[in-house]
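As structure tokens, the structure follows; a few thoughts come after it.
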Amino acid sequence: MKILDVLPRKAIIADLKAQDKKSILEELVIPIAAIANLDQEDLVRVLMERERLGSTGIGGGIGIPHGKLRDLESLVLGFGLCRKGVDFESMDGRPTHIFFLLMTPENSTGLHLKLLARISKILKHDPFRERLLKAVDSDEIYSIIEEEDEEF
Numbered sequence: 043m044k045i046l047d048v049l050p051r052k053a054i055i056a057d058l059k060a061q062d063k064k065s066i067l068e069e070l071v072i073p074i075a076a077i078a079n080l081d082q083e084d085l086v087r088v089l090m091e092r093e094r095l096g097s098t099g100i101g102g103g104i105g106i107p108h109g110k111l112r113d114l115e116s117l118v119l120g121f122g123l124c125r126k127g128v129d130f131e132s133m134d135g136r137p138t139h140i141f142f143l144l145m146t147p148e149n150s151t152g153l154h155l156k157l158l159a160r161i162s163k164i165l166k167h168d169p170f171r172e173r174l175l176k177a178v179d180s181d182e183i184y185s186i187i188e189e190e191d192e193e194f
């Protein structure tokens with residue numbers, strides 16, 4: 043599965059403004075809620091419950107907040123770039139800049155894990171992360187992901 047198979051252009055936020063974890067999640071869910079016709083507060087609640095189990099800030103400036111929803115029909119993926127960086131309680135204690143937000147139906151564990159693994163793998167490629175951080179808008183972010191998606 044390619045990332046762009048499930049990441050719509052309108053779910054890419056090129057300049058997140060939030061300055062704390064909950065606000066980042068609130069900002070990230072806005073396009074996802076509109077695309078999947080879901081309640082923003084429900085999405086944030088599910089994501090914050092997941093964060094209480096352990097931060098999804100995996101280090102290296104990357105956060106992959108994710109959660110499962112009973113009423114969701116199919117997997118939804120969003121992307122956000124926080125240029126200043128935010129304290130996302132990452133494992134390495136450093137600010138987080140790159141976010142992939144993943145919401146999956148409650149009964150799709152295999153798909154959920156498969157996409158998390160793909161995102162993690164692609165983000166290990168340093169030049170890819172550096173290019174994302176320098177991207178000026180959502181179209182450029184989409185193109186960068188598209189190029190990298192083809193190589194993996």
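Sequential numbering from 43 applies to the sequence shown in this note's numbering. Yeah, the Cβ is synthetic: ideal placement off N, Cα and C, and Gly gets one too. The structure displayed is predicted, hence computed values, not measured ones.
Per DSSP, reduced to three states, the secondary structure at F142 is strand. With respect to the 8 angstroms criterion, I164 and T138 are not classified as neighbours on the basis of their beta carbons.
In the displayed model, L174 falls within a helix according to three-state DSSP. Excluding sequence positions up to five before and after P50, its CB lies within less than 7 angstroms of the CB of I77, all in the same chain and listed in chain order.
Nearest in C-alpha terms to L111, of all of G122, L80, R160, is L80. Residue range 82-95 is occupied by the alpha helix (DSSP H) that includes R87. The beta-bridge partner set that DSSP reports for H108 consists of L144.
Contact check for L143 and G120: beta-carbon distance about 4 angstroms, within the 8 angstroms limit, so the pair qualifies.
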